[in-house]
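*Asks:* These protein sequence lines map, in sequence, to chains A and B.
Numbering-wise, the first sequence is residues 1 to 354 according to our numbering.
Numbering-wise, the second sequence is residues 355 to 708 according to our numbering.
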Amino acid sequence: MASVGIRDVRKAFGSTQVIHGVNIDINDGEFVILVGPSGCGKSTLLRMIAGLENISGGDIRIGDRVVNDVPPKERDIAMVFQNYALYPHMTVADNMAFSMKLRGAPKSEIEARVNKAAGILGLEKLLDRYPRQLSGGQRQRVAMGRAIVRDPQVFLFDEPLSNLDAKLRVQMRTEIKELHQRLKTTTVYVTHDQIEAMTMADKIVVMHDGIVEQMGAPLELYDRPANLFVAGFIGSPAMNFIRGKVRAGAPASVVTDAGGAFPLAIAPQGSDGRPVVYGMRPEHIHLDPNGLPAEVVVVEPTGSETQVVVRVAGSELVCVFRERITAGPGETIRISPDPKLVHVFDAETGKRLG
Amino acid sequence: MRGRAFRGAAVFVGAGGEPRPDRRRPGTSEMTENTAGRLAGADLHRPGFYDRLKINRNWLGFWFMLPAALILMLFLAYPLGKGFWLSFTDAKIGREGAWIGIENYEWLGLPWWDDADNVFWLSVFNTLLYTVVASILKFVIGLYLALLLNENLPFKALIRSIVLIPFVVPTVLSAIAFWWIFDSQFSIISWSLRHLGLLDHNINFLGDPNNARMSLIFANVWRGVPFIAITLLAGLQTVSPSLYEAATLDGANRWQNFRYVTFPILTPIIAVVMTFSVLLTFTDFQLVWAMTRGGPVNSTHLMATLSYQRAILAGNLGEGAAIAISMVPFLLVAIMISWFGLQRRKWQQGGQDD
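1) Go ahead and pull the three-state DSSP assignment for P282 of chain A.
2) Out of A:Q269, A:L168, A:D346 and A:K203, which has the shortest C-alpha to C-alpha gap to L228 of chain A?
3) Which value, in whole angstroms, describes the spacing of the CA atoms of G381 of chain B and L134 of chain A?
4) Can you give me the Cβ contacts of S631 of chain B inside the same chain, cut-off strictly under 7 Å, excluding the 5 residues immediately before and after it?
5) Assuming N23 of chain A is part of the beta strand (DSSP E), what are its boundary residues?
6) Just to confirm the assignment, what range does the alpha helix (DSSP H) spanning K107 of chain A have?
7) Are the Cβ atoms of V18 of chain A and V9 of chain A separated by less than 7 Å?
8) Kindly list, in the order they appear in chain A, the residues whose Cβ is closer than 7 Å to that of V626 of chain B.
9) Going along chain B in order, which residues have a C-beta closer than 7 Å to the C-beta of N83 of chain A?
10) Exposed or buried, what is D604 of chain B when buried is set at 16 or more other beta-carbons lying within 10 Å of its beta-carbon?
11) According to the neighbour-count rule (16 or more other Cβ atoms, all chains shown, within 10 Å of its Cβ), is S538 of chain B buried or exposed?
12) Confirm, please, whether the CB-CB distance from H20 of chain A to I211 of chain A is below 7 Å.
13) In chain order, what residues of the segment 190–210 of chain A put their CB closer than 7 Å to some CB of chain B?
14) How many whole angstroms separate the CB atoms of L221 of chain A and V342 of chain A, which I take to be in contact at a CB cut-off of 8 Å?
15) Does P88 of chain A come within less than 7 Å of chain B when only Cβ atoms are used?
16) For Y222 of chain A, return the contacting residues in chain B, with the cut-off set at a CB-CB distance below 9 Å.
17) Here's a check: name, in chain order, each residue in its chain whose Cβ is nearer than 7 Å to the Cβ of V230 of chain A, leaving out the five neighbours to either side.
18) Of the residues A:G354, A:I77, A:K125 and A:Q194, which one's Cα is nearest the Cα of V149 of chain A?
19) To the nearest angstrom, report how far apart P251 of chain A and R274 of chain A are at their CA atoms.
20) Which word fits N564 of chain B, buried or exposed, when buried means at least 16 other C-beta atoms lie within 10 angstroms of its C-beta?
21) Could one say the Cβ of L667 of chain B lies closer than 7 Å to chain A's Cβ atoms, at least one of them?
22) Does the segment 135–147 of chain A come close enough to the segment 58–73 of chain A to have 3 or more Cβ pairs within less than 8 Å?
23) Using a Cβ cut-off of 7 Å (strictly closer), state whether A600 of chain B contacts chain A.
24) Under the three-state reduction of DSSP, which class applies to G395 of chain B: helix, strand or coil?
25) Shortest alpha-carbon distance to Q138 of chain A belongs to which of A:T306, A:L168 and A:G330?
26) G674 of chain B and A688 of chain B - do their beta-carbons sit closer together than 7 Å?
27) Excluding five sequence neighbours on each side, which residues of the same chain lie with their C-beta closer than 8 Å to the C-beta of Q610 of chain B?
28) According to the Cβ coordinates, are T186 of chain A and G29 of chain A closer than 7 Å?
29) Here's the rule I'm using: 16 or more other beta-carbon atoms within 10 Å means buried, otherwise exposed. How should D257 of chain A be labelled?
30) Could you check if W413 of chain B is buried or exposed, using at least 16 other CB atoms within 10 Å of its CB as the buried criterion?
31) Going along chain A in order, which residues have a C-beta closer than 8 Å to the C-beta of Q591 of chain B?
32) Note down the Cα distance separating K125 of chain A from G119 of chain A, rounded to an integer number of angstroms.
33) Between which two residues does the alpha helix (DSSP H) harbouring R182 of chain A extend?
34) For R182 of chain A, is the classification buried or exposed, using 16 other Cβ atoms within 10 angstroms of its Cβ as the cut-off for buried?
35) Sorted by chain position, which residues of the same chain lie with C-beta nearer than 6 Å to G291 of chain A's C-beta, five sequence neighbours on each side aside?
36) The alpha helix (DSSP H) that contains Y598 of chain B, what's its start and end?
And the structure:
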């Protein structure tokens, strides 16, 4: 096991720069998830750690060693690919044993390690099968088995669950997390799915257009997003944004052009009259007899909660209530966001205020 | 709709004379068919014989197959059968042959007989030499070219089309070109080597038995390589790049990547393309006939050219047919080998690819 250090790393394909100086510190044994929309450079960064892409600038350290010029096989990492990349002509056992065979490990050791990995992943009965004879989830597990057998310093996962159906994805999510808790191997995991990131990671790195937008523990990102991008990306359903101007005073609020006033616990210092974006998470909006009048647009009950789209002062908001809502479309309900849990961002820079 | 399905089924059942539950017509559910089966006796009109020929699925299939079957019978099966029959007669051009049993074959003899037909056995040797050496060379060079073309080369598309040229040029045309290249007086190779001062006399390319064999093999390889290279290239491009990346991370160098990943995955396509190549080389006629006509002193006679010479030029149809039919066992062996080679390997069975 080892820590991974990413220091001012840049990547350019020809004249197009796709990663613009990224700094990430990954502690020994940590489960770090790189998350972001497609094209944000997260997979490229992972491939640079693996050694499948050259590093155009900066350096990457695994343990105490700068690995910029170390070939992939000497970096002591193992990678799980999105399409699993299982060798179709080898059995499950041979797939897992391949790296050790190349290294010329003794047969008994190979067998012991393969059996151990198969035991961890519940693959004992499938060892003689070929990849084509396996289901998606089993292939996924074999791909992880191939990584475990090598007992590497770092596991790299490149969107490993995106080829699975929704139900299996949830199940594998738990399995991967359990596996990490058991093996405690440093893990870097790439996904575009913020729920995967929230549920699995020790630390999330949100990337966008080749830079790191924010880095931190999942709930830290949820509670205090550093900017508009992170605020909109983390959380589901996504945060509601409303443009307006701060009105200081007691109580402070953000006033929209249409005249709606949204409450603030305290106005950020020196922000009176400043144009801002006011953000509230759907789950932080409550029914409140003294709240703002809101016209119901759509009601989507899921059983445990009810998602309601409402129109307040000309803007549509998504709310999630624990209560069951009996109001139908066109009727008016009264809502108010929890002022302690709302977020305010500078309208120009998108940076968090306060 | 229900009425139509019902009627269709009734007609169909009537056609067979008895219910056939295993045949499904589109739009006919099992239930309607059963109902129809019960009612069939009491029912409607029974179609006549000609109607049945138009409606019955098996007959329809037969009609669709007929044109292709007729063409194959006329141009492949009939000549083969006729040749087989001719080989048991003493037919000459312009004279109906009489049945003489296996006398033609007795004349050819077996190689260790004193009175065996030495020219025939020489042609067998030549054919085997020609096939084996040319096929191996074509395979090695073709595979090498395919691997090369699979890399990221500048002007990739252009180079690929250039590689195909030898395959596109008509055989006789390229044979005539080679005839000049290998000419005893005007050979450009001899000329170049002489002017470079490496030789003081012309090479007797087509006048010396072994030189002639090598020259023919060279020309055959030149013609045959593109087909193999392009086919193997198509196979190479189906191999997912992530397999190579996975193997690289597993510690495979370039050779091991080829040996353990590329080659095994390519074997099914190699089996197909080499079967074709061997069959076409074994039965080659045009190239040899255009360049050497089997000379010098029969040293480049293949079974096909010898058969032609004896049957058409010398007029001994029976004897020529016997030589041609002698190729069949060799070809059968080649087909058997490839048939086993073409069997779906265990790893190709079951499941889908993704």
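By construction, the Cβ of each residue, glycine as well, lies at the ideal position given by its N, Cα and C atoms.
*Replies:* To lay it out plainly:
1) helix
2) A:D346
3) Reliability of the predicted coordinates at G381 of chain B is poor, the pLDDT of 45 falling under 50, and the value obtained from them is presented with this limitation in mind. When rounded, the distance between both Cα atoms is 35 Å.
4) S489, K492, G578 and I582
5) T16 to I26
6) K107 to L121
7) no
8) What V626 of chain B touches in chain A: nothing, since even the nearest Cβ is about 16 Å away.
9) S594 and S596
10) buried
11) exposed
12) yes
13) none
14) Not confirmed; about 16 Å, so no contact.
15) yes
16) By Cβ distance, chain B contributes nothing, its closest Cβ being about 33 Å from Y222 of chain A, past 9 Å.
17) V206, E213, Q214 and L221
18) A:I77
19) 16 Å
20) exposed
21) no
22) no
23) yes
24) Bear in mind that a pLDDT of 49 at G395 of chain B, under 50, signals an unreliable position, so the number given afterwards is only what the model happens to contain. If DSSP states are grouped into helix, strand and coil, G395 of chain B belongs with the helices.
25) A:L168
26) no
27) A601
28) yes
29) exposed
30) exposed
31) Neighbours of Q591 of chain B on chain A: none; closest Cβ ~15 Å, over 8 Å.
32) 10 Å
33) A166 to L183
34) exposed
35) R334, I335 and S336
36) P595 to L603
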